Amino acid sequence: NHSFYSLHDSTLSPERIVEAAAASGMSAAGLCDRDTLAGAVLFYKKARELGIHPVIGSEVTEAGGASLVLWVENATGYRN
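Anchor point for the sequence shown: position 59 equals 97 in this note's numbering, and the numbering is continuous, going up by one each time.
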């Protein structure tokens with residue numbers, strides 16, 4: 039999912055994405071904003087609060103304009 043940190047892609051807050059996942063009975067949800075991790079902490083905190091497994095990533099735009107989706111596997115991956 040993209041949140042409102044991905045300009046022109048979504049109007050949802052990271053917290054609202056987690057709330058929608060919980061309301062739908064999902065056990066996990068992902069946040070993959072374009073070229074940023076700005077919503078990651080809010081997303082993570084809300085997911086933990088609601089018992090949802092948070093999956094965090096970013097859609098990174100390369101120099102030529104192509105995009106690459108990167109998902110975080112663990113704390114080391116997040117730091118990288």
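In this text, a Cβ means the ideal position worked out from N, Cα and C, and glycines have one as well. A quick note: this is a predicted structure, and the numbers were derived from the prediction, not measured.
With fewer than 16 other CB atoms across the displayed protein chains lying within 10 angstroms of its CB, alanine 58 is exposed. Listed in chain order, the non-local C-beta contacts of histidine 40 below 6 Å within the same chain comprise Asp47, Ser48 and Asp71, local neighbours out to five positions each way being set aside.
Per DSSP, valine 79 is one residue of the alpha helix (DSSP H) stretching across 78-88.
Cα atoms of proline 52 and phenylalanine 81: separation of roughly 5 Å, rounded to the nearest angstrom. The Cβ-Cβ distance between alanine 66 and tyrosine 43 does not fall below 9 Å. Residue pairing by DSSP puts arginine 72 in a beta bridge opposite Glu97.
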